[in-house]
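One structure is given below, encoded as structure tokens.
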Amino acid sequence: MHYREHMCTCQFSFCNEACAVSLTILLCLLRYIQENYSKIRDVEKELENLTLEMKLTAGPKKAALEHLRKMIEISTEKIRLAKVKEEQAKKAWEAAAQVVKDEEDAKQKLCDDLNHLVQESAATQYTKLEELKKRLESLNPSRASVEVSGVNTAQHATTNSVSQPPMSQNPATPTGPLDNGIEPASIEQQQRPAEAEKKRRPSNARGRGGVMILPKGRGSSGSGWTGAGFDVDSGT
1 MHYREHMCTC
11 QFSFCNEACA
21 VSLTILLCLL
31 RYIQENYSKI
41 RDVEKELENL
51 TLEMKLTAGP
61 KKAALEHLRK
71 MIEISTEKIR
81 LAKVKEEQAK
91 KAWEAAAQVV
101 KDEEDAKQKL
111 CDDLNHLVQE
121 SAATQYTKLE
131 ELKKRLESLN
141 PSRASVEVSG
151 VNTAQHATTN
161 SVSQPPMSQN
171 PATPTGPLDN
181 GIEPASIEQQ
191 QRPAEAEKKR
201 RPSNARGRGG
211 VMILPKGRGS
221 SGSGWTGAGF
231 DVDSGT
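Taking the UniProt record's numbering, I'd label the letters of the sequence shown as residues 1 to 236.
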């Protein structure tokens, strides 16, 4: 009897201890669950807030991203067109530079041809002038004698003016005024322009290239020669 009571008491105490331990464990689990549940609720709330924010900002962000994408596409197209224009301008510049070079080469060639033609023309004209001079000398043999006689006349007049004694040294000439009222100084001044005119006549009668220019005769008794040395009557 005592043994049974003792056994029942032991079992009861053991059950009480087991219940206490289980209760303690349950309380700990409940506390842990409550703490974790509160954390889970906080995370859920943050997730809900983020979801709501994404829903609210998704439209504007998508529109902004679309706008940026379109702007990038437009910029890319502008760059492509600018490169195309650059290539076209480069080709046009190269073509213009080639045209300028061709024009400069053509101009230089024309200048060379012009210089060559001018030289040939000058040489031809000089040759024709020499031939014309020879023909004039052969057709007018008296021209050289006339030129020489004119020079001799001028030299003779100069010699006479130098060798002629002054009027004041002539004993036959009175010291007073002449009968016509002209003094010797006036006569000497009149002779000097005449002598200078005689000196200038031979030089004025010579034309370009050493060709003698004879004065054209007046009236029916003229020789028919023009100022250039051609015979009008004979047609040469």
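Glycine included, every Cβ here is placed at the ideal spot set by N, Cα and C.
From a predicted model like this one, the values you see are computed outputs, not experimental measurements.
Alpha carbon of residue i to alpha carbon of residue j, nearest angstrom
| i | j | result |
| --- | --- | --- |
| E17 | L52 | 52 angstroms |
| I22 | Y32 | First, the amino acid is wrong: residue 22 is Ser here, not Ile. Those two C-alpha atoms are separated by around 15 angstroms. |
| D112 | A122 | 15 angstroms |
| K83 | E103 | 30 angstroms |
| Q108 | L136 | 41 angstroms |
| K128 | L110 | 26 angstroms |
| E86 | R80 | 10 angstroms |
| N170 | E130 | Note that N170 scores 44 on pLDDT, short of 50, meaning its location in the model is unreliable; the coordinates nonetheless yield the value given after this. Near 54 angstroms, if we compare the C-alpha coordinates of E130 and N170. |
| E77 | K39 | 53 angstroms |
| L56 | I72 | 26 angstroms |
| K134 | A106 | 41 angstroms |
| K62 | K45 | 25 angstroms |
| A97 | H116 | 28 angstroms |
| R41 | L47 | 10 angstroms |
| P60 | H67 | 10 angstroms |
| residue 296 | L65 | Summary: the structure shown does not reach residue 296, with the chain confined to residues 1 through 236, and so no result is reported for it. |
| V99 | L114 | 22 angstroms |
| L26 | A20 | 10 angstroms |
| N49 | K90 | 60 angstroms |
| E35 | T24 | 17 angstroms |
Residue-level contact to chain B via CB, residue i, 9 angstroms cutoff
| i | result |
| --- | --- |
| T127 | The structure shown contains no chain B; it holds only a single protein chain. |
Check your understanding: Which runs of the alpha helix (DSSP H) spanning at least 4 residues fall entirely within the segment 54-110, listed in chain order?
Key -> none
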